[in-house]
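See structure below.
Numbering (the numbering used here), first residue to last: 25 to 315.
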């Protein structure tokens with residue numbers, strides 16, 4: 025019930041995805057939402073790791089992965105993990121709806137090296153019935169991000185990808201192990217570096233790795249310390265900074281379209297959505313209230 029990453033391999037499913045992250049700023053993770061009729065998927069090899077989650081009704085799935093044949097009765101929420109470079113073939117005999125998450129193998133290797141000191145950690149195929157609420161919630165979060173922000177936030181996708189890979193490596197890899205988190209927070213000097221960098225780069229998609237490199241932490245540990253220090257994620261903080269700068273620009277008489285572009289929103293609609301969510305009123309109403 026998987027499909028090679030859209031635009032990465034020839035399309036082999038009858039229908040195009042309902043929603044897909046192609047063309048977005050996301051780099052290490054991809055998302056696709058499919059609804060497919062009964063069909064047989066020809067043999068293929070994916071260059072990326074694929075996580076497939078049942079997002080619809082129960083379906084009987086016949087699969088052959090790396091020579092192993094297995095038939096499973098998949099129910100909503102079930103997860104299957106197909107590591108990259110394995111020969112895969114699938115068929116199902118009823119309407120199927122599913123989410124696919126795609127991960128770059130080089131990214132998974134880098135996270136394993138950064139956090140566990142090993143670049144030889146490999147994901148183990150999971151072909152049976154597997155329930156993982158965290159991964160299902162991650163898939164829903166990515167879906168919502170695509171629907172509301174058009175996949176414009178690289179920082180958000182980076183953080184999600186980091187958390188997902190750490191979870192996979194600690195539970196579904198050849199050397200599953202627990203990660204030791206760093207306690208404490210940022211120094212005052214480190215925090216100033218972070219804030220200054222964010223405000224200097226509001227107009228573009230900031231990478232999590234860029235922020236982490238400023239203060240010499242791995243991206244995963246950086247995201248953990250950031251939330252520990254601020255009680256919000258780096259992505260949420262970036263949005264708040266954009267809104268605060270937007271207020272200043274609006275007060276200076278800049279048009280809403282110009283403001284949206286200057287502070288890094290994909291469109292005026294996205295700007296209005298986040299402004300109202302955080303401030304409680306639309307930008308136009310806010311302007312009428314400014315003395």
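Here a beta-carbon is modelled for each residue, glycine too, at the ideal position from N, C-alpha and C.
Residue 131 beta carbon less than 8 angstroms from that of residue 85: Taking the first residue of the chain shown as position 1, residue 85 is located at position 61. Taking the first residue of the chain shown as position 1, residue 131 is located at position 107. No, the Cβ-Cβ distance between residue 85 and residue 131 is not below 8 angstroms.
Per-residue DSSP class, three states only, for residue 306: Locating residue 306 in the chain shown gives position 282, counting from the first residue. Residue 306: coil per DSSP, three-state reduction.
Nonlocal neighbours in the same chain, by C-beta distance under 7 angstroms from residue 252, ignoring five residues either side: Position 228 of the chain shown holds residue 252. For residue 252, where only same-chain residues beyond five positions count, the Cβ hits under 7 angstroms are 209.
Span of the beta strand (DSSP E) around residue 50: Here residue 50 corresponds to residue number 26 of the chain shown, with the count starting at 1. Careful: residue 50 lies outside any beta strand (DSSP E) and carries neither H nor E.
CB-CB length for residue 42 against residue 57, believed under 8 angstroms: Along the chain shown, read from residue 1 onward, the residue named residue 42 stands at position 18. Along the chain shown, read from residue 1 onward, the residue named residue 57 stands at position 33. About 5 angstroms; that satisfies the 8 angstroms criterion.
Distance CB(residue 100)-CB(residue 78) smaller than 8 angstroms: Position 76 of the chain shown holds residue 100. Position 54 of the chain shown holds residue 78. Going by C-beta atoms, residue 100 is nearer than 8 angstroms to residue 78.
Cβ neighbour criterion (16 or more within 10 Å) applied to residue 301: As a working note, residue 301 is residue 277 in the chain shown. The residue is exposed, with fewer than 16 neighbouring Cβ atoms inside 10 Å.
Neighbour-count burial assignment, residue 28, 16 or more Cβ in a 10 Å radius: Here residue 28 refers to the residue found at position 4 of the chain shown. Interpretation of residue 28 is limited by its pLDDT of 41, a score under 50 that renders its predicted location unreliable; the figure taken from the coordinates is listed afterwards. Counting Cβ neighbours within 10 Å, residue 28 comes out buried, since at least 16 surround it.
6 angstroms CB neighbourhood of residue 312 in its chain, flanking five on each side removed: Along the chain shown, read from residue 1 onward, the residue named residue 312 stands at position 288. For residue 312, where only same-chain residues beyond five positions count, there are no Cβ hits under 6 angstroms.
The stretch 233 to 248 touching the stretch 137 to 150, judged by at least three CB pairs closer than 8 angstroms: yes
Per-residue DSSP class, three states only, for residue 150: The residue given as residue 150 occupies position 126 in the chain shown. DSSP places residue 150 in strand when its eight states are reduced to three.
Alpha-carbon spacing of residue 40 relative to residue 185, whole angstroms: Position 16 of the chain shown holds residue 40. Position 161 of the chain shown holds residue 185. The straight-line gap from Cα to Cα measures roughly 24 angstroms.
Range covered by the beta strand (DSSP E) that runs through residue 106: The residue given as residue 106 occupies position 82 in the chain shown. Its beta strand (DSSP E) spans residues 102 to 106.
Three-way DSSP call (helix, strand, coil) for residue 231 in this model: For the purposes of this step, residue 231 is taken as residue 207 along the chain shown, with counting starting at 1. Residue 231: coil per DSSP, three-state reduction.
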